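Trainee: For reference, the structure I am asking about is given below.
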Amino acid sequence: MKVELSKEKAEKILSTEGHVKGEVFRNHGNYIKYKEGEAGVEKVEKRMAELGAPIKLRETAPMQWKDIGPGALLILVINEVLGWEEEEIYEMGRQSVKTAFITKLFVNYFVSKERAFRQAPAYWKKYFDVGSVEPVELKEDYGIVRIKGFHVHPLICHLYAGYMHGMTEFIVKSAHIAVEETKCTHKGDDYHEYKIKLV
Ligand SMILES: [Zn+2]
């Protein structure tokens with residue numbers, strides 16, 4: 010997928026309602042630096058500024074609520090200026106979870122995957138004040154969750170799939186995890202549904 014961003018398209022994305030914790034910007038900034046160096050971070054920040062959303066990714070206060078619009082635009086800008094496609098965006102989501110401070114605090118409370126699964130809605134609320142995640146079904150070798158109330162761009166579905174992969178790695182300590190999006194609002198469904206498989 011190659012996103013073509015225009016000022017108008019960016020404005021629409023920037024007007025998305027809701028907030029996200031600043032930590033998300035920091036983690037994505039750190040991951041870009043790790044993969045593409047300082048020059049990569051600068052390219053992304055320059056393009057964000059051109060599109061009306063100036064931000065210093067790695068200087069964002071982690072516990073502060075930030076507008077979600079720039080958070081969504083960031084993923085599309087990364088695609089545009091760094092050429093990262095679905096797989097790389099997924100990987101960024103996965104790795105971001107591993108370095109996430111809030112996640113670490115939260116995950117320590119989990120005693121089992123059953124409990125972690127049930128706690129998914131509370132975890133979502135620590136990072137987002139819009140949309141929700143709903144645990145649907147948990148079996149020995151797979152789990153199904155839905156994300157509702159968030160519809161911006163299909164590339165972001167891959168970021169969320171990566172988040173789920175990273176979270177699952179925390180909880181089940183397995184190297185063999187696969188996350189597949191089985192329903193999607195961008196394909197006409199009412200919500201995004203993901204199947205997390207232990208393979
Ligand atoms: Zn989706």
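Residue numbers for the sequence shown follow this note's numbering, beginning at 10 and rising by one. Ideal Cβ positions, reconstructed from N, Cα and C, are used throughout, including at glycine. Remember, it's a predicted structure, so these values are computed and weren't measured experimentally.
Just jot down, in chain order, the residues whose CB lies closer than 5 angstroms to any heavy atom of ligand 1.
Mentor: C166, C193, H201
Trainee: Expressed to the nearest angstrom, what Euclidean distance is found between the alpha-carbon atoms of R67 and L60?
Mentor: Taking the sequence shown and counting its residues from 1, one reaches residue 67 at position 58. Taking the sequence shown and counting its residues from 1, one reaches residue 60 at position 51. Looking at the two C-alpha atoms, the distance is approximately 19 angstroms.
Trainee: Considering only residues of the stretch 25 to 79, which uninterrupted alpha helix (DSSP H) runs meet the minimum length of 4 residues and lie entirely inside it, listed in chain order?
Mentor: 32 to 59
Trainee: In whole angstroms, what is the alpha-carbon distance linking A58 and G152?
Mentor: Here residue 58 corresponds to residue number 49 of the sequence shown, with the count starting at 1. Here residue 152 corresponds to residue number 143 of the sequence shown, with the count starting at 1. A58 and G152: Cα-Cα distance of roughly 39 angstroms.
Trainee: Check whether the stretch 78 to 87 and the stretch 164 to 182 touch, using three or more Cβ-Cβ pairs below 8 angstroms as the test.
Mentor: Yes, the stretch 78 to 87 touches the stretch 164 to 182.
Trainee: Kindly provide the ranges of any alpha helix (DSSP H) runs that are 4 or more residues long and lie completely inside the stretch 105 to 138, ordered along the chain.
Mentor: 110 to 116, 122 to 127, 129 to 136
Trainee: In this structure, how does DSSP classify H195 when only helix, strand and coil are distinguished?
Mentor: Within the sequence shown, numbered from 1, the residue matching residue 195 stands at position 186. H195: helix per DSSP, three-state reduction.
Trainee: Can you tell me which residues form a DSSP beta bridge with S141?
Mentor: Here residue 141 is taken as the residue at index 132 of the sequence shown, counted from 1. Bridge partners of S141: K157.
Trainee: Suppose contacts are defined by Cβ-Cβ distances below 8 angstroms. Is V186 in contact with H201 by that definition?
Mentor: Taking the sequence shown and counting its residues from 1, the one referred to as residue 186 is at position 177. Taking the sequence shown and counting its residues from 1, the one referred to as residue 201 is at position 192. A small correction: the amino acid at residue 186 is Ile; Val does not occupy that position in the sequence shown. Against a cut-off of 8 angstroms, the Cβ pair of H201 and I186 comes out as no contact.
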